[in-house]
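2 protein chains.
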Amino acid sequence: MAFFGDYRDFTGADAGKYFKRTLCRSDALMLGLNCLEPGQVQAAHAHDGADKFYFVVEGEGRFTVGGETREAGEGVVVWAPAGVSHGVESMGGRRLVLLVGIAPPPQP
Amino acid sequence: MAFFGDYRDFTGADAGKYFKRTLCRSDALMLGLNCLEPGQVQAAHAHDGADKFYFVVEGEGRFTVGGETREAGEGVVVWAPAGVSHGVESMGGRRLVLLVGIAPPPQP
Numbered sequence: 001m002a003f004f005g006d007y008r009d010f011t012g013a014d015a016g017k018y019f020k021r022t023l024c025r026s027d028a029l030m031l032g033l034n035c036l037e038p039g040q041v042q043a044a045h046a047h048d049g050a051d052k053f054y055f056v057v058e059g060e061g062r063f064t065v066g067g068e069t070r071e072a073g074e075g076v077v078v079w080a081p082a083g084v085s086h087g088v089e090s091m092g093g094r095r096l097v098l099l100v101g102i103a104p105p106p107q108p
Numbered sequence: 001m002a003f004f005g006d007y008r009d010f011t012g013a014d015a016g017k018y019f020k021r022t023l024c025r026s027d028a029l030m031l032g033l034n035c036l037e038p039g040q041v042q043a044a045h046a047h048d049g050a051d052k053f054y055f056v057v058e059g060e061g062r063f064t065v066g067g068e069t070r071e072a073g074e075g076v077v078v079w080a081p082a083g084v085s086h087g088v089e090s091m092g093g094r095r096l097v098l099l100v101g102i103a104p105p106p107q108p
């Protein structure tokens, strides 16, 4: 089904960990948001057989992909190939909002 | 291979049609940019067996997905499921920059 949506209508906060929301999902691709409040962390993890990207929509993060760590702000694309460990930590004083895609999507 | 890149380093113009750039590509997903100068059009087309999304990074566009047409500006996600016709026309006085993903990628 077609989808049109402003990402701002789907952001949020999860005090316990970080906030995740799926926007669209098919057998080939899951597209969603990750929102990290200041200081929140998405621990390094890997998806076997699935590639992942982040696109920084708001805020700043410290990303690690494989052995590489970089700070990135709005407008930066980060790509983690299948099987490569990746994670991110929110930096700065405001929420980090990431558009995230995983292809193919993780199984429920 | 990991990729970190600011989309602004990969934008451009193509006077003849519209500008396309691939940022990352795997067997599962192709991620890139489409840049449409004011008035440029990406004619309606469909990808058999591949889902596609647009994320509006700069500017404004009039998107058509299936029978639905909507105007969308920065921050809007547009999803066109496999086999559903989709296209976009650049509106307003400045370049429309779209982050685009296709899963799985078209064959060369």
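Residue numbers (the working numbering), protein chains in the order written: chain A, 1 to 108; chain B, 1 to 108.
Note that beta-carbon positions come from the ideal geometry of N, C-alpha and C, so glycine has one too.
Keep in mind that this is a model prediction, so the values were computed, not measured.
Cutoff 6 Å; reference residue i; Cβ partners in own chain excluding five residues on either side
i       : result
B/ALA80 : LYS52, VAL65 and HIS86
B/GLU71 : ARG62
A/GLU60 : GLY73, MET91 and GLY92
A/GLU89 : VAL41 and ARG62
A/TYR54 : VAL78, LEU98 and VAL100
A/ALA96 : Checking the displayed sequence, the identity of residue 96 of chain A turns out to be Leu instead of Ala. Taken in chain order, the residues that qualify are LEU36, GLY59, GLY61 and SER90.
Straight-line Cα distance separating residue j from residue i
i        : j        : result
A/GLN42  : B/GLY16  : 43 Å
B/MET30  : A/GLY101 : 11 Å
A/PRO105 : A/GLY12  : 22 Å
A/LYS20  : A/LEU98  : 10 Å
B/GLU58  : B/THR69  : 19 Å
B/MET1   : B/ALA28  : 14 Å
B/CYS24  : B/GLY5   : 10 Å
A/ALA103 : A/LEU36  : 22 Å
A/VAL76  : B/PHE3   : 10 Å
B/ASP14  : A/ARG94  : 37 Å
A/ASP9   : A/LEU33  : 11 Å
B/GLN107 : B/SER26  : 11 Å
A/PRO38  : A/TYR18  : 10 Å
B/VAL56  : B/ALA50  : 20 Å
B/ALA46  : A/TYR7   : 24 Å
Other residues of its chain near residue i: CB distance less than 8 Å, five sequence neighbours each side excluded
i       : result
B/GLY67 : none
B/ASP48 : ALA82 and GLY83
B/THR22 : MET30, LEU31 and GLY32
Own chain partners of residue i with C-beta closer than 7 Å, once the 5 adjacent residues on each side are dropped
i       : result
B/ALA44 : THR64, SER85, HIS86 and GLY87
If the cut-off is 8 Å on Cβ atoms, which residues from the segment 63–78 of chain B count as contacting chain A, listed in chain order? PHE63, VAL65, GLY66, GLU68, ARG70, ALA72, GLY75, VAL76, VAL77 and VAL78
Give the list of continuous alpha helix (DSSP H) stretches no shorter than 4 residues that lie fully inside the segment 16–48 of chain A. none
Can you pull out the residues from the segment 6–40 of chain B whose beta carbon lies closer than 8 Å to at least one beta carbon of chain A? ASP6, TYR7, ARG8, LEU23, CYS24, SER26, ALA28, LEU29 and LEU31
Counting only runs that start and end within the segment 74–100 of chain A, where is the beta strand (DSSP E) found for 3 or more residues in a row? 76–80 and 86–91
Contact residues within the segment 40–51 of chain B, judged by C-beta distance below 9 Å to chain A: GLY49, ALA50 and ASP51
What residues in the segment 78–89 of chain B have a beta carbon less than 9 Å from any beta carbon of chain A? VAL78, TRP79, ALA80, PRO81, ALA82, VAL84 and HIS86
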